[in-house]
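Counting in the working numbering, the sequence shown runs without a single skipped number right up to 1867 at its last residue. Note that beta-carbon positions come from the ideal geometry of N, C-alpha and C, so glycine has one too. Only a predicted model underlies this, so the values are computations on that prediction, with no experimental measurement involved. Note sheet for the following structure.
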Amino acid sequence: MTDAAARGAHRARYRRILSFAGREFLKIWWFELVLPRLGMSRVAERTRGPRMQTFARRFHTLAVELGGLMIKVGQFMSSRLDVLPPEITKELEGLQDEVPAVPTPAIRALAEAELGIPLERAYAWFDDTPVAAASLGQVHRARLSALDAADTGLEDVVVKVQRPGIDEIVAVDLAALRRVARWLTRVRLVADRVDAPALVEEFAETSREEIDYLHEAASAERFRENFADDPRVGMPEIVWERSTRRVLTLSDVTAIKINDTDALRAAGIDPAQVAEVFAEVMFDQVFTHSFVHADPHPGNIFVTPTSPTPPTTPPADTTDATPGGFRLTFIDFGMMAEIPASLRDGLRTLLIAVTGRDSRGLVAAAQEIGVLLPSADTRELERALTALFARFGGMGFAELSKVDPREFRDFAEEFGDMVRSLPLQLPENMLLLIRAVSLTSGMCSSLDPAFNVWDAAEPYAGRLLRDESGNIVQAFASQAMDTMNTTWRLPKRIDDIITRVDDGTVSFDTSRLERRLDRLEGIARRIASGVLFAAMLIGGALLVPAMPPLGITLICVSALPLLHSLFAGVGRRGPR
1292 MTDAAARGAH
1302 RARYRRILSF
1312 AGREFLKIWW
1322 FELVLPRLGM
1332 SRVAERTRGP
1342 RMQTFARRFH
1352 TLAVELGGLM
1362 IKVGQFMSSR
1372 LDVLPPEITK
1382 ELEGLQDEVP
1392 AVPTPAIRAL
1402 AEAELGIPLE
1412 RAYAWFDDTP
1422 VAAASLGQVH
1432 RARLSALDAA
1442 DTGLEDVVVK
1452 VQRPGIDEIV
1462 AVDLAALRRV
1472 ARWLTRVRLV
1482 ADRVDAPALV
1492 EEFAETSREE
1502 IDYLHEAASA
1512 ERFRENFADD
1522 PRVGMPEIVW
1532 ERSTRRVLTL
1542 SDVTAIKIND
1552 TDALRAAGID
1562 PAQVAEVFAE
1572 VMFDQVFTHS
1582 FVHADPHPGN
1592 IFVTPTSPTP
1602 PTTPPADTTD
1612 ATPGGFRLTF
1622 IDFGMMAEIP
1632 ASLRDGLRTL
1642 LIAVTGRDSR
1652 GLVAAAQEIG
1662 VLLPSADTRE
1672 LERALTALFA
1682 RFGGMGFAEL
1692 SKVDPREFRD
1702 FAEEFGDMVR
1712 SLPLQLPENM
1722 LLLIRAVSLT
1732 SGMCSSLDPA
1742 FNVWDAAEPY
1752 AGRLLRDESG
1762 NIVQAFASQA
1772 MDTMNTTWRL
1782 PKRIDDIITR
1792 VDDGTVSFDT
1802 SRLERRLDRL
1812 EGIARRIASG
1822 VLFAAMLIGG
1832 ALLVPAMPPL
1842 GITLICVSAL
1852 PLLHSLFAGV
1862 GRRGPR
């Protein structure tokens, strides 16, 4: 494709994204804002489900045809089961699996240009059929040359190759998303809760990092160091000699996909135990290492059996299974979430409050994180959370599924109306973390329908609470020492002050206060003159049609209080 043709294609892509967003905004404006004001709220409510489904289908088609970051946007939307209706999330499920593969000649040409040698020399064998095709790149199996295998101790590898021209496509998509974000700032309902431009910039930074495979390799090494002594977690090794910004070569760690429950049971591994270990490992990433794998979908996590001879049939009672029978192997470290210390502390408070069913503590944690603005009136929220904990607290997914749907609906309507009235917002550094939490929750519940997030969180909360208690004791001891020192010196200081008063050496300088009072009095006079000017001017203007002489006189005389208001005190301001 020539440069002119490429520029034309990019302009068409940009216009198509904006055209899609513009049409959807108009629909939302008409159905959600205009019709309710015309007394036709029922029409908007009755058509909302079909409209959401139509939107999801149209976006699905757009994302598959365009690829690039549109796939990433669709994946994020499909994971937001907490805020988006099922008509959208269901339609966008599996969007990643529909990405068409890049023709092999284009992939081979890019890989050879990056590595600087023909693939026949770089690898002893390179499979032209991709193992997986993603929105930004695709993966091929290969085998290292004898020399490289001797140096690295590896033989079978996977080669991740970037899609040709993806840099330009990402730049076009980000430009369109920035334009859409500016539109969203004019929608008060969105602007009050989400800083859309900041959210897009966070997404942009993540996308730029994701197409830099050297950055991904560095993240993989950091993840390896974090879990170096943890037998529950594994990850691939990087072949640095065969890796560049657009080509990444790693050891082949393919094993059982984490969501393949039949294969897990055939290997003697209990899926419920996998869910438990997976939740623990994700908690570790957030609260211990502050470095989180933000794309833990089934294609990026394998379960590797570690038992030397797995049973041919699954055990009748899996409660005695030990964690040593498998490890979780993570791949694809292009999307990682860095947790700042302030956010981590707020999340700790949040976890402790949730597991302790503490509604007031939960509200305080939401304010500390920045989700709930400090100015919010939280009394009704605390009451609703107390009712939520009392009715549904401690229930697992299986128990919740047995609750009467009407009870859920009634509670959700009341709770939703109250939450929508609060000044909520999505703070920075939360986009990737929310994605990780959403995918983790969905994965655990699919592995074990009876999975109870409370059981997974409570041990962690107990440990965090003990850590917090230790910090509180240290802080209290430090504060006590400071108080003792102050108390020890206090009698002597009081005695010194009394002695100086008796000697007449204590004086108070009130000149600054007097000058401030003089200035305030002058300002008050000028304000009064301004009010008098406005009254005379308006009164004169009203009297001109009926009594012209009096009206004109008032207008002319109003200049006197105006001059006093503007110039009183000029030239005699003293030091402050």
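Taking the continuous beta strand (DSSP E) assigned at residue i, which residues delimit it?
{"i": "I1592", "result": "1592-1596"}
{"i": "A1415", "result": "1414-1417"}
{"i": "A1467", "result": "Unbroken run through A1467 is the alpha helix (DSSP H), 1457-1475; no beta strand (DSSP E)."}
{"i": "D1447", "result": "1447-1453"}
{"i": "M1627", "result": "1627-1629"}
{"i": "H1584", "result": "1582-1584"}
Would you call the CB atoms of residue i and residue j closer than 8 Å?
{"i": "E1567", "j": "A1747", "result": "yes"}
{"i": "I1592", "j": "P1527", "result": "no"}
{"i": "L1539", "j": "K1451", "result": "yes"}
{"i": "A1335", "j": "F1322", "result": "yes"}
{"i": "P1587", "j": "M1361", "result": "no"}
{"i": "F1680", "j": "R1635", "result": "no"}
{"i": "M1343", "j": "I1319", "result": "no"}
{"i": "A1644", "j": "G1637", "result": "no"}
{"i": "V1572", "j": "R1523", "result": "yes"}
{"i": "V1449", "j": "V1422", "result": "yes"}
{"i": "Y1414", "j": "R1434", "result": "yes"}
{"i": "S1369", "j": "L1386", "result": "yes"}
{"i": "A1563", "j": "L1329", "result": "no"}
{"i": "R1536", "j": "L1401", "result": "no"}
{"i": "A1347", "j": "E1389", "result": "no"}
{"i": "D1439", "j": "E1516", "result": "no"}
{"i": "E1749", "j": "T1646", "result": "yes"}
{"i": "A1546", "j": "I1529", "result": "no"}
{"i": "I1846", "j": "L1828", "result": "yes"}
{"i": "L1326", "j": "S1332", "result": "yes"}
{"i": "V1491", "j": "A1511", "result": "no"}
{"i": "E1671", "j": "S1650", "result": "no"}
{"i": "A1466", "j": "T1476", "result": "no"}
Shortest alpha-carbon distance to residue i belongs to which of the options?
{"i": "A1519", "options": "E1459, Q1576, W1531", "result": "Q1576"}
{"i": "F1367", "options": "M1626, L1672, A1312, V1662", "result": "M1626"}
{"i": "L1468", "options": "G1359, R1651, A1826, A1413", "result": "G1359"}
{"i": "L1641", "options": "A1397, S1732, F1578", "result": "F1578"}
{"i": "A1628", "options": "D1458, I1725, A1297, G1830", "result": "I1725"}
{"i": "T1620", "options": "P1394, A1466, T1595", "result": "T1595"}
{"i": "P1391", "options": "A1441, R1670, R1533, T1420", "result": "T1420"}
{"i": "P1820", "options": "I1408, D1521, A1850, L1841", "result": "Position check: residue 1820 holds Ser in this sequence, whereas Pro was assumed. Comparing Cα-Cα distances from S1820 to each of I1408, D1521, A1850, L1841, the minimum goes to A1850."}
{"i": "I1502", "options": "F1311, Q1453, R1639", "result": "Q1453"}
{"i": "R1298", "options": "A1472, V1463, D1418, T1545", "result": "V1463"}
{"i": "T1395", "options": "L1410, D1486, L1386, A1509", "result": "L1410"}
{"i": "S1732", "options": "R1817, I1630, P1589", "result": "P1589"}
{"i": "R1618", "options": "D1521, A1466, E1493", "result": "D1521"}
{"i": "F1624", "options": "L1723, D1561, D1553, L1672", "result": "L1723"}
{"i": "A1557", "options": "I1814, G1616, R1470, T1669", "result": "G1616"}
{"i": "E1659", "options": "R1639, T1293, V1848", "result": "R1639"}
{"i": "T1443", "options": "S1542, L1406, T1345, R1432", "result": "S1542"}
{"i": "A1727", "options": "R1754, I1560, M1827, F1574", "result": "F1574"}
Over the uninterrupted alpha helix (DSSP H) stretch that includes residue i, give me the two end residues.
{"i": "D1439", "result": "1437-1443"}
{"i": "F1518", "result": "No alpha helix (DSSP H) holds F1518; DSSP gives it neither H nor E."}
{"i": "T1540", "result": "Counting along the chain, T1540 falls outside any alpha helix (DSSP H), though it belongs to the beta strand (DSSP E) covering 1538-1542."}
{"i": "R1618", "result": "No alpha helix (DSSP H) contains R1618, which is instead part of the beta strand (DSSP E) from 1617-1621."}
{"i": "Q1576", "result": "Element bounds for Q1576: n/a, residue is neither H nor E."}
{"i": "R1399", "result": "1395-1406"}
{"i": "G1652", "result": "1650-1660"}
{"i": "E1492", "result": "1487-1501"}
{"i": "S1244", "result": "The structure shown does not extend to residue 1244, since the chain spans only 1292 to 1867, so no value can be given for it."}
{"i": "D1294", "result": "1294-1319"}
{"i": "T1552", "result": "1552-1557"}
{"i": "F1350", "result": "1332-1357"}
{"i": "I1379", "result": "1377-1382"}
{"i": "I1725", "result": "1722-1738"}
Does the ligand ADP have a heavy atom nearer than 7 Å to the CB of residue i?
{"i": "E1403", "result": "For the ligand ADP, the structure offers nothing, since it holds no ligand at all."}
**Study point:** Touch test, the stretch 1293-1311 against the stretch 1346-1354, Cβ-Cβ under 8 Å, three pairs minimum
**Key:** Judged by pairs of C-beta atoms under 8 Å, the stretch 1293-1311 touches the stretch 1346-1354, as three or more such pairs exist.
Review point. Would you say the stretch 1453-1461 touches the stretch 1419-1428, given that touching needs at least three Cβ pairs under 8 Å?
Key: Of all C-beta pairs linking the stretch 1453-1461 to the stretch 1419-1428, three or more are shorter than 8 Å, placing the two stretches in contact.
Review point. Would you call the stretch 1482-1499 and the stretch 1554-1568 touching, i.e. three or more CB-CB distances under 8 Å?
Key: The answer is no - the stretch 1554-1568 does not touch the stretch 1482-1499, with fewer than three Cβ pairs under 8 Å.
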